[in-house]
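In this note's numbering, the protein residues as written are 8 to 227.
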Ligand SMILES: [Zn+2]
């Protein structure tokens, strides 16, 4: 599956079990009316403003099936990534970045990385260490997604696919985000990652190479 392949999860199985026990891994709960959706959200203690979420146990809740394939793919990407790294904790911008990277098209990714880059160049971005929750308002909320996506693209462009796979595997094998970062990339912590990421986004030549290498990263 494309989503799993993009994060290097080669042995991902869409189905669980074998033979007669074989069953679909993902469960989708779709709500037909706005009232039943709000009620379910309240029951699970979720925000009223989101239109879908991944519950973390391969279950995806969504308001209306026709809402958007893109949103469902995004939520599935969260679930696949979680399964891959065995539900290890990582920063929200990283989780969202991975979900965006594995489910969006090349042009969508390019546009979002460009937005993140624009903010860094204008110094209107929020450093990675401080980006620890979603913000109100649509544009501010996009920050987390665009920043995360641009970090994923930066690491892939700078250090290549095999390091990226090694990083995910390190987390899968029990390392936390920062120790995986220092063991695979020799970047000591999120603050150091932030410095390198800012520097890369500010550089025109790096941006050009990101654009050039993006199709290869996505294997499209
Ligand atoms: Zn998400």
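C-beta atoms are modelled at their ideal positions from N, C-alpha and C, and glycine is treated no differently.
What you are looking at is a predicted structure, and each value in this text was computed from that prediction instead of being measured.
DSSP places residue 131 outside both helix and strand once states are collapsed to three, so it counts as coil. Relative to residue 49, the option among 171, 122, 68, 209 whose CA is nearest is 68. A straight-line Cα-Cα distance of about 20 angstroms links residue 65 and residue 100.
With 16 or more other Cβ atoms inside 10 Å of its own Cβ, residue 208 counts as buried. In summary, residue 42 is exposed, with fewer than 16 beta-carbon neighbours lying within 10 Å of its beta-carbon over all protein chains present. Taking 4 residues as the shortest admissible run, the region 84-137 contains the following complete alpha helix (DSSP H) segments, listed from N- to C-terminal end: 99-110, 113-128.
Using a 10 angstroms sphere on the CB of residue 140, the tally of other CB atoms stays under 16, which defines it as exposed. Within the same chain, Cβ atoms closer than 7 angstroms to the Cβ of residue 164 are found at 216, 217, 220, the five residues on either side in sequence being excluded. By the C-beta density criterion, residue 94 is exposed, having fewer than 16 other C-beta atoms within 10 angstroms. DSSP places residue 169 within a helical segment (H, G or I) once states are collapsed to three.
At least one heavy atom of ligand 1 lies closer than 7 angstroms to the C-beta of residue 103. For residue 68, the uninterrupted beta strand (DSSP E) segment begins and ends at 66-70.
Contact between residue 135 and residue 197 holds, since their C-beta atoms are separated by about 5 angstroms, short of 8 angstroms. The residues 67, 82, 85, 86, in chain order, have a CB closer than 7 angstroms to that of residue 61 in the same chain once the five nearest residues on each side in sequence are set aside. Judged by beta-carbon spacing, residue 157 lies within the 8 angstroms limit of residue 123, meaning their Cβ atoms are closer than that value. The closest CA to that of residue 155, considering only 12, 186, 97, is found on 97. Rounded to whole angstroms, the separation of the alpha carbons of residue 212 and residue 201 is 19 angstroms.
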